[in-house]
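Right, one structure below, let's go through it.
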Amino acid sequence: MKGLRCVTLLTLTARTLQVTLPAADLAQSPALPALQARQDRRCGPEVARSCPQAQCCSSGGWCGTGSQFCRAPTCQIDYGPSCDANIRPEGPDTSSVPRPKVGSVPYGKAIYDCTVKGGIALTFDDGPWNYTEDLLDLLAEYDAKATFFVVGRNAGKGAINDPSTPWPALIRRMADDGHQIASHTWAHHKLTQITPSQFRNQILFNEVALADLLGYFPTYMRPPHSMSDATTDGWLAELGYHVTYFDLNTAGYLNDGPEEIKKSVGIWDGRVEPLDPATSSLLVIEHDTVYYGVYTLVRHMLETIKRKGFRTVTVGECLGDPKENWYREVSSRNAEE
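In mature numbering (1 follows the signal peptide of the UniProt record, and there is no 0), the protein residues as written are -18 to -1, 1 to 319.
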């Protein structure tokens, strides 16, 4: 019992000391500065705090620098001034480029289907990435054309026009090989969940980077996560964009494994095998960021297309849109390099 009383007395004494310790003594506690510094690094809506100008706000709500904090689209762009999505790339200003609405393909309205029969338009989102060069080699092997919906700066890969990365050469090769280049925005943020100014950056920053490399930027785009509404469609129409979706999704991005990819093969076969090129066409979404999609599924798709007598076409071709309508020209010192 004495032992119990002693423990109780010590506990009460400790509690009493904790309550009555003078504020001056608390302020001198060595643990408090570290705690305060840690709290100062918090950011995001839960603490209603933004990071300093040179820092990023991670998805977990911490301020910092480097890819772990700054990579798009997980960096919180409202609270991290230096998030990758907020950084304008080097390149010419495209905001004043004339944007006439030429041709018969609608602007600012959802496009799901090809209009020209006999073609299959393979499209690849989210790149360029580590597998894109091999994908270009594979397409060249089959003399196949595709459309690349390029993201300017996602997944910590750096800007697509950064000369220290492999991306400039890959994007120029896409163009040289006869593929169509389209926009998938600058940093893959959901367009319906960002502010009007952030929306404009997402579109224009990608234009700047592509114009820096090529001397032009696209009129075709695909909203990230296929998310656009009447408001954002209207903004895209003002900027002169064709809003491009798809009518076949094999869900390769959900099946990135040696066994899982067979599900995507099955989806493809189930849709394509019954089709007659004389009466059919398809607009297909894939991703050049998906390993087994690139190295297993795409070859199977190309074999099927060849065997059944379809043609691989770009999105512009599958809509009967002349190539001169796919891009808007911009003067750029780097486009000829």
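Beta carbons are placed, not taken as given, at the ideal position from N, Cα and C, and that holds for glycine.
This structure is a prediction, so every number in the text was calculated from the model and none was measured.
Looking at residue i: is its Cβ nearer than 8 angstroms to the Cβ of residue j?
{"i": "Y198", "j": "R310", "result": "yes"}
{"i": "I163", "j": "V133", "result": "no"}
{"i": "C96", "j": "C65", "result": "no"}
{"i": "S262", "j": "K91", "result": "no"}
{"i": "D194", "j": "P80", "result": "no"}
{"i": "G234", "j": "V272", "result": "yes"}
{"i": "F130", "j": "G160", "result": "no"}
{"i": "Y274", "j": "P304", "result": "no"}
{"i": "I93", "j": "Y227", "result": "yes"}
{"i": "D107", "j": "R204", "result": "yes"}
Since residue i sits in a beta bridge, which residues does DSSP pair it with?
{"i": "R31", "result": "G26"}
{"i": "R293", "result": "G101"}
{"i": "I267", "result": "T105 and N231"}
{"i": "S165", "result": "V132 and M203"}
{"i": "H171", "result": "Paired residues: none, contrary to the question."}
{"i": "Y309", "result": "P200"}
{"i": "residue 323", "result": "Nothing can be reported for residue 323: it is not among the residues displayed for the chain, which extend from -18 to 319."}
{"i": "H224", "result": "Y202"}
{"i": "I93", "result": "T226"}
Identify, in the order they occur along the chain, each residue of the same chain with its Cβ nearer than 8 angstroms to the Cβ of residue i, setting aside the five sequence neighbours on each side.
{"i": "H171", "result": "A54, P55, I59, A67, Q180, Q184 and P206"}
{"i": "D238", "result": "V272, Y273, Y274 and G275"}
Using a Cβ-Cβ cutoff of less than 7 angstroms, which residues in the same chain neighbour residue i once the five nearest sequence positions on both sides are dropped?
{"i": "W308", "result": "Q162, P200, T201, Y202 and G298"}
{"i": "G26", "result": "C39, G43, Q58 and Y61"}
{"i": "T76", "result": "L186, E189, V190, A193, F199 and V312"}
{"i": "R281", "result": "L120"}
{"i": "R155", "result": "L118"}
{"i": "A141", "result": "P71, G134, R135 and A191"}
{"i": "P4", "result": "Per-residue confidence for P4 stands at a pLDDT of 43, beneath the threshold of 50, marking its modelled position as unreliable; no derived number is given."}
How many angstroms separate the CA atom of residue i from the CA atom of residue j?
{"i": "I176", "j": "P150", "result": "28 angstroms"}
{"i": "L284", "j": "I102", "result": "10 angstroms"}
{"i": "K127", "j": "Y61", "result": "41 angstroms"}
{"i": "V266", "j": "V29", "result": "42 angstroms"}
{"i": "S41", "j": "T174", "result": "19 angstroms"}
{"i": "S78", "j": "L221", "result": "10 angstroms"}
{"i": "A16", "j": "C45", "result": "Its pLDDT being 46, under 50, A16 is placed unreliably in this model, and the value from its coordinates should be taken loosely. Approximately 15 angstroms, taken between the alpha carbons."}
{"i": "P256", "j": "E115", "result": "32 angstroms"}
{"i": "Q50", "j": "D215", "result": "32 angstroms"}
{"i": "E72", "j": "V276", "result": "30 angstroms"}
{"i": "E123", "j": "S165", "result": "25 angstroms"}
{"i": "I153", "j": "W217", "result": "26 angstroms"}
{"i": "D125", "j": "D251", "result": "21 angstroms"}
{"i": "L264", "j": "T213", "result": "28 angstroms"}
{"i": "G138", "j": "P145", "result": "15 angstroms"}
{"i": "T47", "j": "W168", "result": "20 angstroms"}
{"i": "L279", "j": "K83", "result": "36 angstroms"}
{"i": "P259", "j": "T232", "result": "20 angstroms"}
{"i": "D229", "j": "D158", "result": "27 angstroms"}
{"i": "A13", "j": "I69", "result": "For A13, the predicted model reports a pLDDT of 48, less than 50, meaning its position is unreliable and no value from the coordinates is stated."}
{"i": "H269", "j": "L236", "result": "11 angstroms"}
{"i": "G291", "j": "M209", "result": "33 angstroms"}
{"i": "Y113", "j": "E306", "result": "29 angstroms"}
{"i": "I249", "j": "K288", "result": "18 angstroms"}
{"i": "C300", "j": "V225", "result": "14 angstroms"}
{"i": "R293", "j": "R253", "result": "16 angstroms"}
{"i": "C33", "j": "T105", "result": "37 angstroms"}
{"i": "P148", "j": "Q37", "result": "26 angstroms"}
{"i": "A219", "j": "D211", "result": "12 angstroms"}
{"i": "L196", "j": "R31", "result": "39 angstroms"}
{"i": "N143", "j": "T286", "result": "35 angstroms"}
{"i": "P178", "j": "C52", "result": "21 angstroms"}
Can you give me the Cβ contacts of residue i inside the same chain, cut-off strictly under 6 angstroms, excluding the 5 residues immediately before and after it?
{"i": "G302", "result": "T97 and V98"}
{"i": "P63", "result": "Q35"}
{"i": "W111", "result": "D270 and T271"}
- prompt: Any contact of the region 80 to 89 with the region 238 to 247, i.e. 3+ C-beta pairs under 8 angstroms?
  reply: These segments do not touch.
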